[in-house]
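Some notes on the structure that comes next.
2 protein chains.
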Amino acid sequence: MEHDFHKWLRDHSSLNKLNEGVLVGIGDDGAILPRTTAHTVVTTDTIAEGSHFDTSIHSLELIGRKALAVNLSDIAAMGASPTHAVLTLLLPQHFSLAETKQLCSGIFNLASDYGVTIVGGDTNRWSGKLVVGATLLGQRPSSLSGWLINGAELSDRVIVSGSFGGSIQGHHLSFEPRVKLANYLAGRYEIHAATDASDSLSLDLQLLAKASKVGVDLLAEKIPISDALKTAAAQTQLDGALYDGEDFELILTMPADVFEQIKADPNVPCQLTDIGEITRPQQGLRILDSNGTFNALIPRGYVH
Amino acid sequence: MEHDFHKWLRDHSSLNKLNEGVLVGIGDDGAILPRTTAHTVVTTDTIAEGSHFDTSIHSLELIGRKALAVNLSDIAAMGASPTHAVLTLLLPQHFSLAETKQLCSGIFNLASDYGVTIVGGDTNRWSGKLVVGATLLGQRPSSLSGWLINGAELSDRVIVSGSFGGSIQGHHLSFEPRVKLANYLAGRYEIHAATDASDSLSLDLQLLAKASKVGVDLLAEKIPISDALKTAAAQTQLDGALYDGEDFELILTMPADVFEQIKADPNVPCQLTDIGEITRPQQGLRILDSNGTFNALIPRGYVH
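Chains as they are written, first to last, in the working numbering: chain A, 18 to 321; chain B, 18 to 321.
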């Protein structure tokens, strides 16, 4: 790993938990993590200029934040708690130290919010555009079942967190990854399948359905619409919710009676909405429109 | 993580151990790894077009190979055994599936050689240049001591694997990471400090010396010169060995009697050479030239 980055991180360690609680951290060839009785979950996601952000309109702090947030969303979708991260930065030649600090403060502040210790990284200046990546490790209780993309069962309800659509207006940079929700539900309630809506509600539902070998019936009128789309026409709202992507909400499936219990629990940390049902695989993805007709749902999503 | 990449990996799973021995692997939001009684080591390194390789002269297979090999070198320098990796690919728009396969086969073949299971990744097409990254996890026996960059002790010998210099002629793409050496020595012999020579022998020795708060006396005539430089003038050979960088050899420190035992062990898997001694910090980095004079060694390295 890059020694300049290590030095920089050490010099700015007040920004974040760096090396906290690890046996060996930043400054060596690798980090040595403490042992755990939980299972280790690992995920990686990288965001790049022109695909996932635009430095001419987005603040570097929000760009850094997003790079970690997309990984936190994946860890939440596994029913896990985030613990340690390593970072990858490819910085354009013109990038100043002040700009690097802004970028990293966005990462570090979110890491601090979610108890993530940054244990290493690799940074390079290069002749290309800005790239920010993270690999995030998490812990998942070894006794936890479910919370996998292939776990949906016939007659499960399809439950989503938050609301959907219009993320291009800013939500894709400022969204709150659903870590607290996942950590609250995991172990308390029987969740069969879980994934996060990153590509789009329709695309990620299709992936869940394929992995679980099931069909999905969605109720168009139940899909929660983001504030960003609240003033748009009804069809624009529905299309935005289904196809815009980058909502980073959780999609969960569970038995109907489990969702009844969750609805009655005042401590659930965010809005959850029942938007449909898991069906037999041959029915595929369908959506019930306001006329009471089921139509095939053709998934689309945001192409970065 | 990207679903296209998961599909691609699944379709080409005969190329490598994909998901082998893991609880959940490619295809979900994250991988779930089996529990271990060892410590987990994590390292990350990314290589980028124009900085670490040149697609106009280097084969994609060797580029992919290098992306994993640099991470294997870091794991070896921690005295650990590599186990699982996640990949990051940023592919130029013009990149074909055939090119992607070449790139990945270089990664997969080396992963197979070293028992690394690929458990996930993130791939994006973008408007920039080729970027290939990996985060590598490894296991290090919880009883192992030493093998850290800050572990050098006064009077230790400075021992290096292989030879140095001229890596630009190809070695930086085809080098064999010193995993077998590290796994053989770790636990059998008392190794105090360890790092890998990635930036350059002089720069990485300086980092080891600073981290360990020691000085180093090098013997110029003992430094093993790579075949790539064997026909060069003596000063060119020495400069290349000290400053070229990207040799990816191990730098170890250990008591003199430990190195005597290692020299007498016929099963050590590669050449090891005693190139100097750990001294008091105030002596700094010095090098003994052929006239018997100690000169201050000013570290330099390859600037990517």
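Positions of the beta carbon are idealized from the N, C-alpha and C atoms, including for glycine.
Note that this is a predicted model, so its numbers are computed, not measured.
Distance check between residue 103(A) and each of 116(A), 83(A), 139(A) places 139(A) closest, using alpha-carbon atoms only.
Here the region 177-192 of chain A makes contact with the region 283-296 of chain A; the two share three or more CB pairs at distances below 8 Å. Between the region 144-159 of chain B and the region 254-271 of chain B, the count of C-beta pairs closer than 8 Å stays below three; the two stretches do not touch. Contacts between residue 271(B) and chain A, judged by CB atoms closer than 8 Å, are missing: the closest CB pair is about 17 Å apart.
By the CB criterion at 8 Å, residue 143(A) and residue 68(B) fall inside the cutoff. Around the C-beta of residue 284(B), fewer than 16 other C-beta atoms lie within 10 Å, and the residue is accordingly described as exposed.
8 Å or more divides the Cβ of residue 85(A) from the Cβ of residue 43(A). Residue 98(A): member of the beta strand (DSSP E) spanning 98-109, first to last residue. The alpha-carbon separation between residue 65(A) and residue 59(A) amounts to approximately 21 Å. Closer than 8 Å to the CB of residue 111(A) there is not a single CB belonging to chain B.
Inter-residue distance for residue 218(B) and residue 89(A) is about 38 Å (C-alpha atoms, whole angstroms). Interface with chain B (8 Å Cβ-Cβ cutoff): residue 59(A) is included. Short of 7 Å from the beta carbon of residue 79(B), and not among the five residues preceding or following it, lie these beta carbons of its own chain, in chain order: 123, 190, 191. With respect to the 8 Å criterion, residue 168(B) and residue 209(B) are classified as neighbours on the basis of their beta carbons.
Residue range 188-191 is occupied by the alpha helix (DSSP H) that includes residue 189(A), with no beta strand (DSSP E) assigned at that position.
Between residue 310(B) and the set 75(B), 235(B), 50(B), 98(B), the nearest pair of CA atoms involves 235(B).
Across the set 71(B), 173(B), 151(B), 222(B), the C-alpha of 222(B) shows the shortest separation from the C-alpha of residue 303(B). If you look at residue 175(A), you'll find it in the beta strand (DSSP E) that goes 174-178. Neighbourhood of residue 200(A) in chain B, by CB distance below 8 Å: empty, with the nearest CB roughly 15 Å away.
Bridge partners of residue 303(B) according to DSSP: 234(B), 313(B). Within chain A, the C-beta atoms nearer than 9 Å to that of residue 65(B) come from 107, 141, 143, 144, 145, 148, in chain order. Taking a Cβ-Cβ cut-off of 7 Å, the neighbours of residue 152(B) in chain A comprise 61, 103, 152, given in sequence order. Assigned with DSSP and collapsed to three states, residue 120(A) falls in helix. According to the DSSP assignment, residue 253(A) belongs to no beta strand (DSSP E) but to the alpha helix (DSSP H) extending over 251-260.
The bridge partners DSSP lists for residue 136(A) come to none. By the Cβ-count criterion, residue 194(A) is buried, with 16 or more other Cβ atoms from all chains shown falling within 10 Å of its own Cβ. At a cut-off of 8 Å between beta-carbon atoms, residue 56(A) makes contact with chain B.
Listed by position along chain A, the residues whose Cβ is nearer than 9 Å to that of residue 92(B) are 46, 47. Shown here, residue 161(B) sits in coil according to DSSP, grouped into three states, outside any helix or strand.
Taking CB atoms only, residue 157(B) has a neighbour in chain A less than 8 Å away. Distance from the CA of residue 275(B) to the CA of residue 98(B), rounded to the nearest whole angstrom, comes to 22 Å.
A distance below 8 Å separates the beta carbons of residue 61(B) and residue 152(B).
Counting along the chain, the unbroken beta strand (DSSP E) around residue 267(A) starts and ends at 266-271.
With respect to the 8 Å criterion, residue 46(A) and residue 199(B) are not classified as neighbours on the basis of their beta carbons. Counting the other Cβ atoms within 10 Å of the Cβ of residue 267(B) gives 16 or more, which makes it buried. Ranked by Cα distance from residue 201(B), the first of 73(B), 96(B), 273(B), 317(B) is 96(B).
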